[in-house]
Amino acid sequence: MIDASYSPRHFRWSLEEKVGTVTLCRPERKNPLTFESYAELRDTFRALTHAPDVKAVIIGGAEGNFCSGGDVHEIIGPLTKMDVTGLLDFTRMTGDLVRAMRLCPQPIVAAVDGTCAGAGAILAMASDIRIATSRAKTAFLFVRVGLAGCDMGACAILPRLIGHGRASELLYSGRVMTAEEGERWGFFNRVVGEAELAAEALRMARELAHGPTFAHGMTKRMLHREWNMSIDEALEAEAQAQTLCMRTEDFRRAWRAFATRSVPIFEGN
510 MIDASYSPRH
520 FRWSLEEKVG
530 TVTLCRPERK
540 NPLTFESYAE
550 LRDTFRALTH
560 APDVKAVIIG
570 GAEGNFCSGG
580 DVHEIIGPLT
590 KMDVTGLLDF
600 TRMTGDLVRA
610 MRLCPQPIVA
620 AVDGTCAGAG
630 AILAMASDIR
640 IATSRAKTAF
650 LFVRVGLAGC
660 DMGACAILPR
670 LIGHGRASEL
680 LYSGRVMTAE
690 EGERWGFFNR
700 VVGEAELAAE
710 ALRMARELAH
720 GPTFAHGMTK
730 RMLHREWNMS
740 IDEALEAEAQ
750 AQTLCMRTED
760 FRRAWRAFAT
770 RSVPIFEGN
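Numbered per the working numbering, the sequence shown spans residues 510 to 778.
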C-alpha cells in the first residue's frame, strides 16, 4: 500500500498534504538506477493507481543531480553477458516503468537539476510536467554506448514533446540538451533557480493535488489514449470522459462556489 508509511528500499518516499515525493538517492554516483530500483519504481507507480491518499507525485534526485541513468557497473556490464531472453526481460521491464508512470492517475512533476541522462532523461520525459534549474543537462545518450535511441518509449514520446527534428537530433547524437534549449523547445515547462526548484515543484504538485483530482486523472488518461486516435474517435472519447466528470460532486462544488462567489474546495469525487 502506498501511503505515508511506505518504505521502499531503493529510493526515498514521503507523503505530505496529498503529494508523494520520490527521491533517487545515490548522490555519490549522480543517482543511477539499478535492476532493483527500476523494478521498485515500476511497482510503486503501478501501486499508485490504488493509492487514494496520493493526489500528485514529485520525482527528483538527491544533492544536485536528477539521475545519471542505468548504473554502468551494475547494469551495463551484466547486460553484455546476458542471452536474448534475459535482455528482452530487462528492456520490457524498463518499458513497463514508463507504462506505469503514464497509466497512474496522479500527475507527475519532475524536478530536474544537474545530470539528467539516459534512463534519467526518460524518467523526466515520462513525467507530466518538468521543472528544471539552469544547471540541468539532459541527454538521451543511448547511442554513446552503441544502442539505439528507441529506448523506453523515447521515439514515441520525445517527438510529441519537442518535435520530430529536434528529437531526432538528440536521439542520433546523444548530445546534451541545455536547460535553456529544453525550455525553448517545450521539454521543460519552466526553468528556475537552484534554490527555487524544490519549492516550485512542490507548489505545482500541491496545486494539482488540491484541484479536481478525478478530472486530472481523466485528463492524464485521455492525453495518453488519444495518441492513437483519429480526431473523430478523440471527440467521442472526450465526450464520454467529460460526461463522467460532469457526474462528480466536484463539478457540483464548482457550480455552488461560482453561484456564491466563493472558492471551490475540491475533494476528488
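Built from N, CA and C at the ideal position, the CB exists for glycine as well.
Residue i (DSSP reduced to helix, strand or coil)
i	result
Ala560	coil
Ile774	coil
Thr647	strand
Ala663	helix
Arg521	strand
Gly579	strand
Ala768	helix
Beta-carbon proximity of residue i to residue j, cut-off 8 angstroms
i	j	result
Gly604	Met661	yes
Lys527	Ser577	no
Ala609	Arg521	no
Leu606	Phe599	no
Arg611	Ala628	no
Ala626	Ala648	yes
Gly702	Ala620	no
Asp637	Ala560	no
Ala663	Ile631	yes
Ala746	Met731	yes
Arg551	Met602	yes
Gly777	Pro721	yes
Asn710	Ile567	Reading off the sequence shown, one finds Ala at residue 710, where the question assumed Asn. Contact flag set, yes.
Beta-bridge partners of residue i, as assigned by DSSP
i	result
Leu533	Gly570
Ala565	Val528
Leu550	Beta-bridge pairing links Leu550 to no other residue.
Leu670	Partner(s): none; Leu670 has no beta bridge.
Rounded Cβ spacing between residue i and residue j (contact assumed at less than 8 angstroms)
i	j	result
Ala724	Cys754	5 angstroms
Asn698	Arg762	Not quite, the Cβ-Cβ distance comes to about 28 angstroms (not below 8 angstroms), so this is no contact.
Ala688	Ala645	4 angstroms
Pro541	Gly579	6 angstroms
Ile666	Trp694	The Cβ separation is near 14 angstroms, so there is no contact.
Ile624	Phe575	Sequence check: residue 624 is Thr here, not Ile. Confirmed, Cβ separation roughly 6 angstroms.
CB contact check: residue i to chain B, cutoff 8 angstroms
i	result
Asp660	Structure shown: chain B not included; a single protein chain is present.
Exercise for the section: Would you list, in sequence order, the uninterrupted beta strand (DSSP E) runs of no fewer than 3 residues that lie entirely inside the region 678 to 766? Expected result: 685 to 687, 699 to 701
Handout entry: Runs of beta strand (DSSP E) wholly within the region 582 to 661 (minimum 3 residues, chain order)
Key = 617 to 621, 624 to 626, 638 to 642, 646 to 648
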